Amino acid sequence: MHPVVRGLARGAHYGSTGVYPLVPGVDAVARRTDGSLAYAASPRAPWGTMPERIATALAFALPAGADPLAVAAGMNPGMSDWMPLTSHRDAHRSLGTVLVLGATGLSGGMALHAARLFGADRIVAAGRDAATLNALRSAGFDTADLTDPDALARTVADGAPDLVLDYVWGGVAEAAFAALERHGLAGETSETSYVQIGSSAAATAELPAAVLRSRPLRVSGSGAGSFSQDQLMRELPLMMSHISDGSLPVAYTTYPFRRVGEAWAHSGRSRAVIVPD
Numbered sequence: 000m001h002p003v004v005r006g007l008a009r010g011a012h013y014g015s016t017g018v019y020p021l022v023p024g025v026d027a028v029a030r031r032t033d034g035s036l037a038y039a040a041s042p043r044a045p046w047g048t049m050p051e052r053i054a055t056a057l058a059f060a061l062p063a064g065a066d067p068l069a070v071a072a073g074m075n076p077g078m079s080d081w082m083p084l085t086s087h088r089d090a091h092r093s094l095g096t097v098l099v100l101g102a103t104g105l106s107g108g109m110a111l112h113a114a115r116l117f118g119a120d121r122i123v124a125a126g127r128d129a130a131t132l133n134a135l136r137s138a139g140f141d142t143a144d145l146t147d148p149d150a151l152a153r154t155v156a157d158g159a160p161d162l163v164l165d166y167v168w169g170g171v172a173e174a175a176f177a178a179l180e181r182h183g184l185a186g187e188t189s190e191t192s193y194v195q196i197g198s199s200a201a202a203t204a205e206l207p208a209a210v211l212r213s214r215p216l217r218v219s220g221s222g223a224g225s226f227s228q229d230q231l232m233r234e235l236p237l238m239m240s241h242i243s244d245g246s247l248p249v250a251y252t253t254y255p256f257r258r259v260g261e262a263w264a265h266s267g268r269s270r271a272v273i274v275p276d
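Structure representation (structure tokens):
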């Protein structure tokens, strides 16, 4: 039960078709007719992945010993960071410094571990939850407390990030842009790629013109329309293998189908996973 599922159902997501009735769900772990388990995604609208039988454009067999609940919970949020991390690594041959805005949530937390898997030189977790930030610091990540208005400025003062993964947008993005703005006319050779992924803080953010003119800055997004089917087919099985072996940890809460209403209202730092009764 990903946020995108709720957004599509209420017509608030950019992928909404406006066609009703619809069957909710964008992905699932399903049991095939031969009894094997597969991760299945990309159903054809208005059919989702919550009926008894489904047909999807993508299906990958689960690795042996994989936790199907972790796979169901983690593939959608993990994809949001895995694809831009892959693209940045392929374009620059390394990641350098990665800054994750909204790192104390489920998706942002997965992004931190994915950046570590990709060999980033420095990973900065930016968020508001003090307890989670403390735990991340103990796990070896640098942190920035977003309740401190100067935290991002200090982070960038230590060296501009090569890649920013933004799960919150709104005022946090504006603070990041302010921190990235350079002063003086000396040239800057290092480029920052800023990837907009989520908008939990606000749907819009102001980007001052001076930021774009004072620093090599590339702004893009990560979503269903930002990468090709071929890229997905290549990367999803690899990401699933890391979820399966625990190197991409996923927190989830299960609900039987008869409690689907509770799953729909679920909030917090775990992903709701609906299982058959």
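When the letters of the sequence shown are read in order and numbered with numbering that gives the first Met the number 0, they come out as residues 0 to 276.
Backbone N, C-alpha and C fix where the C-beta goes; we use that ideal spot for every residue, glycine too.
As the structure is a prediction and not an experimental result, all values here were calculated from the model.
Using the three-state DSSP reduction, which class does R115 fall into: helix, strand or coil?
If DSSP states are grouped into helix, strand and coil, R115 belongs with the helices.
Alpha carbon to alpha carbon, how far is S79 from G222?
Taking the straight line joining both Cα atoms gives about 7 Å.
Please report how far the alpha carbon of R281 lies from the alpha carbon of T191, in whole angstroms.
In the structure displayed, the chain extends from 0 to 276; residue 281 sits before or after that span and is not available.
Which of the three DSSP states, helix, strand or coil, is assigned to V194?
It is a strand residue.
According to DSSP, is D229 part of a helix, a strand, or is it coil?
Note: D229 maps to helix in three-state DSSP.
Use the C-beta contact count for D165: other C-beta atoms within 10 angstroms, 16 or more gives buried, fewer gives exposed.
Burial call: buried.
Could you tell me which uninterrupted beta strand (DSSP E) segments, each at least 3 residues in length, are contained entirely in the stretch 92-179, listed from first to last along the chain?
Listed in chain order, they are 96-100, 121-126, 141-144, 162-165.
Work out the CA separation of L100 and H12 for me, nearest whole Å.
So the two alpha carbons sit approximately 21 Å from each other.
For the stretch 115-125 and the stretch 138-155, state whether three or more C-beta atom pairs, one from each stretch, are separated by less than 8 Å.
Yes, the stretch 115-125 is in contact with the stretch 138-155.
Among H1, F256, G245, which has the Cα closest to the Cα of D66?
The option with the nearest alpha carbon to D66 is G245.
Name the one or two DSSP bridge partners that L216 has.
Note: L216 sits in a beta bridge opposite T191.
With a 10 Å radius around its C-beta and 16 neighbouring C-beta atoms as the bar for buried, classify S93 as buried or exposed.
Exposed: under 16 other Cβ atoms inside 10 Å.
Can you tell me where the beta strand (DSSP E) with R270 in it begins and where it stops?
Segment 270-274, the beta strand (DSSP E) holding R270.
Which full runs of the alpha helix (DSSP H) of 4+ residues lie inside the stretch 24-96, going along the chain?
Segments of the alpha helix (DSSP H) lying fully in the stretch 24-96: 67-91.
In its own chain, which residues sit with a C-beta less than 7 Å from the C-beta of V259, not counting the 5 before and 5 after it?
These residues qualify, in order along the chain: I273.
Kindly indicate the opening and closing residues of the alpha helix (DSSP H) around G2.
It should be pointed out that residue 2 corresponds to Pro in this sequence rather than to Gly. Residues 2-8.
Pair every Cβ in the stretch 237-254 with every Cβ in the stretch 99-114, then say whether three or more of these pairs are closer than 8 Å.
Taking 8 Å as the limit for Cβ pairs, the verdict is that the stretch 99-114 does touch the stretch 237-254.
Considering only the beta carbon of each residue, do A44 and V18 sit closer than 8 Å?
Contact: yes.
Taking DSSP's pairing of strands, which residues face Y251 in a bridge?
BP columns for Y251 point to R270.
Using a Cβ-Cβ cut-off of 6 Å (strictly less than) and excluding sequence neighbours within five positions of T16, which residues of its own chain qualify?
A44.
Grab the span of the alpha helix (DSSP H) containing E205 for me, first residue to last.
Careful: E205 lies outside any alpha helix (DSSP H) and carries neither H nor E.
Y251 and S269: beta carbons closer than 8 Å?
Going by C-beta atoms, Y251 is nearer than 8 Å to S269.
Rounded to a whole number of angstroms, what is the C-alpha to C-alpha distance between R121 and A113?
One C-alpha to the other measures close to 12 Å.
For a test of the three-state rule: what should DSSP assign to R258, helix, strand or coil?
Helix, per DSSP.
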